[in-house]
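Here is the structure we will look at, set down as structure tokens.
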Amino acid sequence: MYRLSRLKYVFPLGLFVALFLDGSLSKVFADFFFHYPYAMVSQLVIVWLVCAYFFEGDVQIPLMGFAVAAGIVCDLYYSGILGLFMFLYPMVVGLTKLLAKYMTPSFPIIILIFLIDMVVFELFNYWAYAAIGIAKVGLTGFLLDTLLPTLALNLVYLIVLYLPLQKLITWAADTERR
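Convert by adding 9 to the 1-based position in the sequence shown; the result is the number in this note's numbering.
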């Protein structure tokens, strides 16, 4: 049960840290992340949400609610208006749940699902901004100069953080050894 596990404290704290680090890493490493013509978008929130889904065990984290809350915070903090992320983060959680139904979770499968989540997330984000005229780059430019570097960066995040997050989340989800 979520309310009886350490996850009720660890999960929101980890989500906040991921939100904070997404912005902080983008600021600190701006010269590296946004070196023309390439742009790499840090998405540690998605890493956290996907890992939490796969490692929660029998504990059912209310991921959808947290995804909406993270999206609202992200929208208000980074853009100043409610917008895309409050819909895109829950969409990623839903897509993860849908894909996980049809695949047996393992490290390569989690990577595959994560990459699919990232592609869908970034494409919807691009299409929304292109539709209102904010994104001026063509689809090919976006795919080559933004999506591929973003996938590479976040894949590195997932690979590096996979075991530590697995240990942390399974430890926090364990209600037996309290």
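Even glycine gets a Cβ: it sits at the ideal position worked out from N, Cα and C. Just so we're clear, the structure is a prediction, and the values are computed from it rather than from any experiment.
Fewer than three pairs of CB atoms, one per stretch, sit closer than 8 Å, so the region 18-26 makes no contact with the region 137-144. Along the length of the region 122-165, whole beta strand (DSSP E) runs at least 3 residues long do not occur. If you ignore the 5 residues before and after Val-56, its C-beta comes within less than 8 Å of the C-beta of Ala-27, Phe-123, Asn-163, Tyr-166, Leu-167, Leu-170, Leu-174, all in its own chain and listed in chain order.
Going by DSSP, Ala-48 is part of no alpha helix (DSSP H) at all; its letter is neither H nor E.
DSSP places Pro-71 outside both helix and strand once states are collapsed to three, so it counts as coil.
In the DSSP annotation of this structure, the continuous segment of the alpha helix (DSSP H) that includes Ser-33 starts and ends at 16-37. Secondary structure of Asp-183 (DSSP, three-state): coil. Here Gly-66 has Thr-179, Ala-182 as same chain residues with Cβ atoms under 7 Å from its own Cβ, once five neighbours each way along the sequence are excluded. In this structure, the CA atom of Met-73 is about 8 Å from the CA atom of Tyr-98. Sorting Phe-75, Leu-132, Lys-176 by C-alpha distance to the C-alpha of Leu-152 places Leu-132 at the top. At the C-beta level, Ala-48 and Thr-155 come within 7 Å of one another. Its chain contains Ala-48, Met-49, Val-50, Gln-52, Met-127, Glu-131 as the residues whose beta carbon lies nearer than 8 Å to that of Thr-159, once the 5 sequence neighbours on both sides are disregarded; these appear in chain order.
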